[in-house]
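In terms of my numbering, the sequence shown has 188 at position 190, counting the first letter as 1, and numbering is strictly consecutive. The C-beta atom is built at its ideal place from N, Cα and C for all residues, glycine as well.
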Amino acid sequence: LEDVEDFEYTPKPEFEGFFTIFNEPDENALIQRFFDHIMEVRPHIFVTYNGDFFDWPFVETRAAIYNLNMKQEIGFSRNKEGIYACRPAMHMDCLCWVKRDSHLPVGSQNLKAVAKAKLRYDPVELDPEDMCRLASEEPQVLSNYSVSDAVATYYLYMKYVHPFIFALCTIIPMEPDEVLRKGSGTLCEALLMVEAFHANIVFPNKQESELNKLTDDGHVLDQETYVGGHVEALESGVFRADLPCRFRMVPEAFDKLIASVERALSHAIEEEEKIPLSTVTNFAEITADIKSKL
């Protein structure tokens, strides 16, 4: 078997990926090297994609085969909510952000689809049946495939998840792991409680479920219907033409939108898509079309 050399995987100029390779003799040494590297670097943030249900359980199970205890080695273990957590570090599972905040449909929440939608590039695809053959015959090709998911996860996290979650942490009194995973209703409730406290407004304690709750005539309740509020989604976005909806139009807002069409299109083309404006052939035509519709 040949060793894998250090290499670069850069799918787009702005998504650089330089990889330093550690070649190990077997799986036991590989897992030990992974744990040693974590203890050496001591990162504050671990980023995964579906790590709660795949990456961490996989590493934990494989390590246990070689009598390695992941919790003793690096402090990560599954808590009572089924989430892998560690006292000195945060575990940011990007899939939680995708499910709650990305507004992508359920069928487009795998890493490949998210990278295509949010990072605007197609990650490397490989036929699962070729993996074993490539591992023995062309390890360099397989290593390129194996890091493509890491690059996609890293830049998805740095571009969307990191700034969003830590901005919320400045106003919501929860740790990043909770801000990432809790529902929008719980986050709104926590924010309202903080604001009420600062404004000196009296509010009730958070409702807690009673164990062995009884009915008025002394019988034990098996289950109770939900009592409480829920967060209503704002009506925004695309509306169906066949369902009547009433809108209140503000002429000044339309004038403002018409005046900013060129600026918005230029920003989307040059800043977000990184396409030089000089290469766009029908800019004036599209601008006029948008203005006529407004």
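TODO: Look at the Cβ atom of I29, then the Cβ atom of V2, and state whether they are nearer than 8 Å.
DONE: Their beta carbons are not under 8 Å apart, which means I29 does not touch V2 by this criterion.
Task: CB contact check: D4 to chain C, cutoff 8 Å - done: Of the protein chains in the structure, only one exists, and it is not chain C.
- [ ] Within the same chain, show all residues whose beta-carbon is closer than 8 Å to that of I284, passing over the 5 residues directly before and after it, in chain order.
- [x] These residues qualify, in order along the chain: L263.
Task: Assigned secondary structure, H101 (DSSP; H/G/I helix, E/B strand, else coil) - done: The DSSP-derived three-state label of H101 is coil.
- [ ] Please name the residue, chosen from N142, T151, G216, V45, that lies closest to Y349 on a Cα-to-Cα basis.
- [x] Only positions -1 to 292 of the chain appear in the structure, and residue 349 is not among them; the question remains open.
Open item on the list: Tell me the rounded alpha-carbon separation between I256 and R244.
Closed with: Answer to the nearest angstrom: the Cα atoms are 22 Å apart.
Task: Closest Cα partner of V236 within the set V248, R118, H101 - done: When only C-alpha atoms are compared, the closest one is H101.
Open item on the list: Taking the straight line between their C-alpha atoms, what separation do you get for M90 and V218?
Closed with: If you take the alpha carbons of M90 and V218, they lie about 40 Å apart.
- [ ] Determine the burial state of C130: buried for a count of at least 16 other Cβ atoms within 10 Å of its Cβ, exposed for fewer.
- [x] With fewer than 16 other Cβ atoms within 10 Å, it is exposed.
Open item on the list: Please classify M37 as buried or exposed, where buried requires at least 16 other C-beta atoms within 10 Å of its C-beta.
Closed with: So M37 counts as exposed.
TODO: Write down every uninterrupted run of the beta strand (DSSP E) in the segment 27 to 101 whose length is 3 residues or greater and which is fully enclosed by it, in chain order.
DONE: Within the segment 27 to 101, the beta strand (DSSP E) runs of at least 3 residues that lie entirely inside it are, in chain order, 43 to 46, 88 to 91.
Task: Buried or exposed (CB count within 10 angstroms, at least 16 for buried), R179 - done: When all chains shown are included, R179 counts as buried.
Task: Which residues DSSP lists as bridging E10, in chain order - done: Residue identity check: residue 10 is Lys in the sequence provided, not Glu. According to the DSSP secondary-structure assignment, K10 is paired through a beta bridge with F13.
Task: C-alpha distance - D4 paired with F16, whole-angstrom precision - done: The straight-line gap from Cα to Cα measures roughly 8 Å.
- [ ] Quick one: residues in its chain with C-beta nearer than 6 Å to the C-beta of L93, no 5 flanking neighbours on either side, listed in chain order?
- [x] Y47, N48.
Open item on the list: Please list the terminal residues of the continuous alpha helix (DSSP H) segment that includes K254.
Closed with: Where K254 is concerned, the enclosing alpha helix (DSSP H) stretches over 249 to 257.
Open item on the list: Closest to A113 by C-alpha separation, out of N203, F74, K10, F252, would be which residue?
Closed with: Among N203, F74, K10, F252, the Cα nearest to that of A113 is on K10.
- [ ] Whole angstroms is fine: what's the gap from F258's alpha carbon to A282's?
- [x] Residue identity check: residue 258 is Ser in the sequence provided, not Phe. Roughly 14 Å separates the two Cα atoms.
Open item on the list: Can you tell me whether S146 is buried or exposed? The criterion is at least 16 other CB atoms within 10 Å of its CB, across all chains shown.
Closed with: Counting C-beta atoms within 10 angstroms of its own C-beta, S146 has 16 or more neighbours from the protein chains shown and is therefore classed as buried.
Task: Cα-Cα separation between K69 and V39, rounded to whole angstroms - done: For K69 and V39, the distance between alpha carbons rounds to 17 Å.
Task: For A83 and F52, the rounded distance between their alpha carbons - done: Rounded to whole angstroms, F52 to A83 spans 14 Å at the Cα level.
Task: Local Cβ density within 10 Å of V177, reported as buried at 16 or more and exposed below that - done: V177 comes out buried.
Task: Rounded Cβ spacing between L124 and A133 (contact assumed at less than 8 Å) - done: Incorrect: roughly 11 Å between the Cβ atoms, too far for contact.
TODO: State the Cα-Cα distance for the pair M247 and D253, rounded to the nearest angstrom.
DONE: Computed Cα separation, rounded: 12 Å.
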